[in-house]
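Here the protein sequences line up with chains A and B, keeping their order.
Position 149 (the first sequence) corresponds to 149 in the working numbering; numbering is contiguous.
Basically the working numbering = 1-based index in the second sequence + 409.
Note that CB positions come from ideal geometry on N, CA and C, so glycine has one too.
Because the structure is a prediction, the values reported are computed rather than measured.
The block underneath contains the structure these notes are about, expressed in structure tokens.
Number of protein chains: 2
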Amino acid sequence: MATININYDKLGAGYLFPEIARRAKAFAEKHPGVELHRLGIGDTTQPLAPSVVRALQDAAERLSKGDTYTGYGDYEGEKFLREAIRDAYRERKVEIELDEIFVSDGAKSDSGNIQTIFGPENIIAVQDPAYPVYVDTNVMAGRTESFNTVTGQYAGIVYMPCHEHNDFFPELPSEKVDLIYLCSPNNPTGAVATKQQLTQFVEYARQLKAVIIFDAAYSAFISDARLPRSIYEIPGADECAIEVNSFSKSAGFTGVRLGWSVVPKSLITEDAPASKLNALWYRRQSTFFNGASNIVQYGGAAALSPKGRRECQAIVDYYMQNARIIRDGLTSLGLACFGGDNAPYIWAKTPNGVRSWDFFDKLLREAHVVTTPGSGFGPAGEGFIRFSAFGRRESTERAMASIRAHLKT
Amino acid sequence: MATININYDKLGAGYLFPEIARRAKAFAEKHPGVELHRLGIGDTTQPLAPSVVRALQDAAERLSKGDTYTGYGDYEGEKFLREAIRDAYRERKVEIELDEIFVSDGAKSDSGNIQTIFGPENIIAVQDPAYPVYVDTNVMAGRTESFNTVTGQYAGIVYMPCHEHNDFFPELPSEKVDLIYLCSPNNPTGAVATKQQLTQFVEYARQLKAVIIFDAAYSAFISDARLPRSIYEIPGADECAIEVNSFSKSAGFTGVRLGWSVVPKSLITEDAPASKLNALWYRRQSTFFNGASNIVQYGGAAALSPKGRRECQAIVDYYMQNARIIRDGLTSLGLACFGGDNAPYIWAKTPNGVRSWDFFDKLLREAHVVTTPGSGFGPAGEGFIRFSAFGRRESTERAMASIRAHLKT
Numbered sequence: 001m002a003t004i005n006i007n008y009d010k011l012g013a014g015y016l017f018p019e020i021a022r023r024a025k026a027f028a029e030k031h032p033g034v035e036l037h038r039l040g041i042g043d044t045t046q047p048l049a050p051s052v053v054r055a056l057q058d059a060a061e062r063l064s065k066g067d068t069y070t071g072y073g074d075y076e077g078e079k080f081l082r083e084a085i086r087d088a089y090r091e092r093k094v095e096i097e098l099d100e101i102f103v104s105d106g107a108k109s110d111s112g113n114i115q116t117i118f119g120p121e122n123i124i125a126v127q128d129p130a131y132p133v134y135v136d137t138n139v140m141a142g143r144t145e146s147f148n149t150v151t152g153q154y155a156g157i158v159y160m161p162c163h164e165h166n167d168f169f170p171e172l173p174s175e176k177v178d179l180i181y182l183c184s185p186n187n188p189t190g191a192v193a194t195k196q197q198l199t200q201f202v203e204y205a206r207q208l209k210a211v212i213i214f215d216a217a218y219s220a221f222i223s224d225a226r227l228p229r230s231i232y233e234i235p236g237a238d239e240c241a242i243e244v245n246s247f248s249k250s251a252g253f254t255g256v257r258l259g260w261s262v263v264p265k266s267l268i269t270e271d272a273p274a275s276k277l278n279a280l281w282y283r284r285q286s287t288f289f290n291g292a293s294n295i296v297q298y299g300g301a302a303a304l305s306p307k308g309r310r311e312c313q314a315i316v317d318y319y320m321q322n323a324r325i326i327r328d329g330l331t332s333l334g335l336a337c338f339g340g341d342n343a344p345y346i347w348a349k350t351p352n353g354v355r356s357w358d359f360f361d362k363l364l365r366e367a368h369v370v371t372t373p374g375s376g377f378g379p380a381g382e383g384f385i386r387f388s389a390f391g392r393r394e395s396t397e398r399a400m401a402s403i404r405a406h407l408k409t
Numbered sequence: 410m411a412t413i414n415i416n417y418d419k420l421g422a423g424y425l426f427p428e429i430a431r432r433a434k435a436f437a438e439k440h441p442g443v444e445l446h447r448l449g450i451g452d453t454t455q456p457l458a459p460s461v462v463r464a465l466q467d468a469a470e471r472l473s474k475g476d477t478y479t480g481y482g483d484y485e486g487e488k489f490l491r492e493a494i495r496d497a498y499r500e501r502k503v504e505i506e507l508d509e510i511f512v513s514d515g516a517k518s519d520s521g522n523i524q525t526i527f528g529p530e531n532i533i534a535v536q537d538p539a540y541p542v543y544v545d546t547n548v549m550a551g552r553t554e555s556f557n558t559v560t561g562q563y564a565g566i567v568y569m570p571c572h573e574h575n576d577f578f579p580e581l582p583s584e585k586v587d588l589i590y591l592c593s594p595n596n597p598t599g600a601v602a603t604k605q606q607l608t609q610f611v612e613y614a615r616q617l618k619a620v621i622i623f624d625a626a627y628s629a630f631i632s633d634a635r636l637p638r639s640i641y642e643i644p645g646a647d648e649c650a651i652e653v654n655s656f657s658k659s660a661g662f663t664g665v666r667l668g669w670s671v672v673p674k675s676l677i678t679e680d681a682p683a684s685k686l687n688a689l690w691y692r693r694q695s696t697f698f699n700g701a702s703n704i705v706q707y708g709g710a711a712a713l714s715p716k717g718r719r720e721c722q723a724i725v726d727y728y729m730q731n732a733r734i735i736r737d738g739l740t741s742l743g744l745a746c747f748g749g750d751n752a753p754y755i756w757a758k759t760p761n762g763v764r765s766w767d768f769f770d771k772l773l774r775e776a777h778v779v780t781t782p783g784s785g786f787g788p789a790g791e792g793f794i795r796f797s798a799f800g801r802r803e804s805t806e807r808a809m810a811s812i813r814a815h816l817k818t
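Following this line, the structure appears as structure tokens:
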């Protein structure tokens with residue numbers, strides 16, 4: 001008699017984005033003809049860079065011929081792509097070896113799966129608010145109690161609040177934690193950790209033999225040269241941190257699917273000497289996964305070529321111009337806004353302490369704008385709302401015009 | 410202080426195929442200039458079908474333009490692809506609804522991940538020999554004790570031996586089991602389950618509220634119309650079976666990556682009413698996964714179009730001709746051979762009861778042919794060796810010539 005994984009029943013609500021999609025769809029069905037402006041989910045809208053498209057088509061062409069067709073690739077990704085990733089790190093003066101890089105189908109998969117190489121007894125710490133995958137995957141793995149609807153938290157998880165007064169970067173946890181999820185540039189707050197802030201966490205993790213899981217999926221949006229794009233820019237991070245990154249936002253691969261993680265061989269824990277965690281992740285990936293699509297990997301390498309990078313940078317710049325439009329528009333309405341400088345998200349305080357989902361519904365109903373309620377990312381996100389800069393320019397402008405027209409009344 | 414998942418240390422050996430690659434590589438490095446014939450891993454060698462290539466290139470083209478670019482797709486896969494999959498089932502008189510189909514990056518991912526929606530207390534049963542992913546993923550999830558090097562088994566798993574005397578299809582387990590992995594056409598034995606054989610298991614599973622995980626990744630190789638290509642051709646299977654399938658072998662997508670699973674809403678267990686397991690798998694996929702590559706999904710739909718199917722069938726026929734060449738060659742040397750009729754694998758008995766790895770090494774050393782040792786798939790595979798029909802014709806022929814030349818001496 002088969003029995004289900006009862007940890008799934010501990011989950012507080014559906015995964016955030018399907019719930020937003022459900023509400024938007026319900027509204028659209030009730031109001032046919034009304035145009036919805038989507039500034040919710042961080043979904044890219046700009047076409048792929050020309051060099052990427054050419055590389056994808058050339059890869060398909062190669063697979064059409066007997067002498068250039070290839071089947072299974074390396075579980076950890078094609079060498080040419082791992083070399084291109086290594087070279088990109090090198091520009092930041094970070095040395096990563098090829099067998100420390102694991103290409104995947106996206107940062108979501110890696111941030112979800114990485115916890116499986118750690119034991120069930122590990123206490124995880126997350127920024128609050130945070131990308132829901134960190135929490136949800138640990139709930140499903142059984143590392144928590146049920147969702148507490150009063151606190152909006154799961155017992156068993158250490159929440160590290162990110163507020164206005166700490167510049168949306170958490171203080172060190174005061175209790176014992178083992179796995180620490182950090183995301184910078186942050187989704188959802190748009191805050192970017194400084195070297196000093198990360199150094200504090202790296203020193204803490206090394207001291208306690210904790211492991212930091214660093215999500216750098218938005219690193220391409222950092223233009224301020226002083227801000228670290230990789231946690232490995234912090235000395236000692238290779239001993240205590242795993243980094244996850246993605247082509248989704250930097251190259252428009254949200255639907256194309258490509259990412260990577262770095263598990264340094266020098267990463268250690270109390271019970272795992274050097275190379276062990278690297279080997280565990282290789283074992284996990286080679287057993288549960290058969291590598292990212294070969295065609296897509298060629299596209300990823302093209303995105304990292306000098307020409308591809310210039311083209312992708314233009315797309316990033318386009319989105320960052322959206323970010324300015326959103327931020328300026330909201331600010332002019334008197335909303336306090338954060339992020340949006342080195343990140344594609346604007347984190348806006350709702351007016352008069354209105355609750356996130358209420359403000360979400362109000363924006364949907366009155367201005368026909370889909371956003372993401374801050375509380376969906378954790379209890380400390382209550383009273384905030386996230387705007388995504390990944391829309392089309394004209395759609396972003398129309399959305400802001402609509403908000404201006406309706407929120408003033 | 411982070412601690413590792415100690416279940417990984419229970420694993421008996423490295424994942425089988427990397428170990429084969431390691432031995433082949435070591436041989437090649439020691440003997441430069443010697444040509445290796447690869448009949449080991451089931452890696453496709455024939456180019457993609459023309460309609461598939463065109464669809465992949467068109468998809469890349471669409472992503473290059475602002476008005477046809479798309480980002481995130483549905484977690485469960487593009488509707489057009491799920492419709493094509495549903496229609497293919499319909500031809501076998503099997504009715505599957507669209508929200509029962511979950512597109513993925515491959516059958517390996519699905520066969521590995523599916524166990525996560527079940528509780529840790531479930532006893533799993535596997536065919537012995539079996540594709541290693543079923544066992545390894547359950548070991549890593551903690552459902553077993555350590556590997557016993559004497560028995561070649563993990564305590565906690567029920568092995569269902571597949572021998573010559575049961576036509577390589579197991580008897581019903583005599584002890585309590587909860588999750589039953591079945592693979593047909595079988596990897597590695599090449600045996601194909603009859604309707605009668607599957608009916609026995611479906612009745613057993615329904616009676617005990619066990620769940621069958623049916624791996625049909627090789628169904629395209631069945632030419633005998635009487636043999637079931639899907640477990641849902643068996644009445645009642647929708648109440649007790651999950652099916653996993655793939656484009657890897659039918660359309661040459663081993664490197665391109667695409668597969669799907671079916672979790673019927675009518676599937677029930679003692680603690681899960683109708684729709685529950687379907688919802689759990691949706692939750693798992695939407696939390697840990699962001700959908701298969703959109704480009705690749707267009708390629709998959711093209712493979713299921715009438716023209717694509719004719720083209721893919723020609724590729725399947727090509728491999729099945731290889732299977733005949735291998736089987737005839739081995740038989741003429743006096744080796745007892747199984748499979749290869751409705752499956753791309755030939756399961757050969759080693760001569761004089763030689764052990765699998767020894768025969769593997771002998772074939773590698775003397776005939777320069779890479780195969781797969783039967784014992785790598787489980788203890789009942791001892792004394793057998795698997796030949797893959799996925800090589801190029803000339804390479805397959807040269808491999809057989811080399812075996813004939815060297816095994817005779």
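- Inclusion of threonine 287 (chain A) and glycine 664 (chain B) in the CB contact set at 8 Å is not warranted, their separation being larger than that value.
- Secondary structure of isoleucine 526 (chain B) (DSSP, three-state): helix.
- Using a CB distance cut-off of 8 Å, glutamine 127 (chain A) does not count as an interface residue toward chain B.
- Leucine 713 (chain B) and serine 628 (chain B) have their alpha carbons spaced roughly 14 Å apart.
- Around the CB of alanine 723 (chain B), fewer than 16 other CB atoms lie within 10 Å, so the residue is classed as exposed.
- By the CB criterion at 8 Å, alanine 191 (chain A) and aspartate 167 (chain A) fall inside the cutoff.
- Residue-level contact by beta carbon fails for methionine 160 (chain A) and chain B, as no gap is shorter than 8 Å.
- Between arginine 719 (chain B) and chain A, the shortest Cβ-Cβ separation is not below 8 Å.
- Residues of chain B whose Cβ lies closer than 9 Å to the Cβ of alanine 272 (chain A) are, in chain order, Ala411, Thr412, Ile413.
- By the rule that beta-carbons nearer than 8 Å mark a contact, glutamine 694 (chain B) does not touch chain A.
- If you look at aspartate 361 (chain A), you'll find it in the alpha helix (DSSP H) that goes 356–362.
- Residues of chain B with a Cβ closer than 8 Å to the Cβ of lysine 10 (chain A) do not exist; the shortest Cβ-Cβ separation is about 12 Å.
- For proline 673 (chain B), same chain residues with a beta-carbon under 6 Å away, outside a window of 5 residues either side, are Glu509, Asp647 in chain order.
- Taken in chain order, the unbroken stretches of beta strand (DSSP E) that lie wholly in the region 740–767 of chain B and span 3 residues or more are 746–748, 754–758.
- For alanine 401 (chain A), same chain residues with a beta-carbon under 6 Å away, outside a window of 5 residues either side, do not exist.
- At a Cβ-Cβ threshold of 8 Å, glycine 451 (chain B) and asparagine 596 (chain B) count as neighbours.
- Counting only residues of its own chain and dropping the five nearest sequence neighbours on each side, threonine 45 (chain A) has a CB closer than 8 Å to the CB of Phe390, Gly391, Arg392, Ser395.
- Residues of the region 40–56 of chain A with a Cβ closer than 8 Å to any Cβ of chain B, in chain order: Ile41, Asp43, Thr44, Thr45, Gln46, Pro47, Leu48, Pro50, Val53, Leu56.
- By the C-beta criterion, the region 360–367 of chain A is judged not to be in contact with the region 315–332 of chain A, since fewer than 3 inter-stretch pairs fall below 8 Å.
- When only Cα atoms are considered, leucine 48 (chain A) and arginine 54 (chain A) end up about 10 Å apart.
- Fewer than three Cβ pairs drawn from the region 570–587 of chain B and the region 541–559 of chain B lie within less than 8 Å of each other, which leaves the two stretches out of contact.
- For asparagine 245 (chain A), the enclosing beta strand (DSSP E) begins and ends at 241–246.
- Three or more Cβ pairs drawn from the region 270–277 of chain A and the region 411–431 of chain B lie within less than 8 Å of each other, which places the two stretches in contact.
- Exposed is the label assigned to glutamate 504 (chain B), since fewer than 16 other Cβ atoms lie within 10 Å of its Cβ.
- Alanine 241 (chain A) is outside the set of residues whose beta carbon lies under 8 Å from a beta carbon in chain B.
- Against chain B, the CB of lysine 209 (chain A) has a partner CB under 8 Å away; the residue lies at that interface.
- Residues of chain A with a Cβ closer than 9 Å to the Cβ of phenylalanine 698 (chain B) are, in chain order, Asp105, Gly106, Lys108, Ser109, Gly112.
- Using a C-beta cut-off of 8 Å, the region 74–82 of chain A makes contact with the region 99–115 of chain A, since at least three inter-stretch Cβ pairs fall below that distance.
- With at least 16 other beta carbons inside 10 angstroms of its own, valine 620 (chain B) counts as buried.
- By the C-beta density criterion, histidine 37 (chain A) is buried, having at least 16 other C-beta atoms within 10 angstroms.
- Isoleucine 180 (chain A) is positioned such that its CB atom lies closer than 8 Å to that of alanine 205 (chain A).
- Contact note: lysine 65 (chain A) reaches chain B through Pro456, using a C-beta cutoff of 8 Å and chain order.
- Taking C-beta separations shorter than 7 Å and ignoring five residues to either side along the sequence, the partners of threonine 780 (chain B) in its chain run Leu448, Gly449, Phe769, Leu772, Ile794, Arg795, Phe796, following chain order.
- Interface criterion not met: the Cβ of proline 173 (chain A) is under 8 Å from no Cβ in chain B.
- Linking glycine 112 (chain A) to phenylalanine 27 (chain A) through their CA atoms gives a straight-line distance of about 31 Å.
- Closest in alpha carbon position to glutamate 573 (chain B), among B:Cys649, B:Arg499, B:Gly421, B:Glu791, is B:Glu791.
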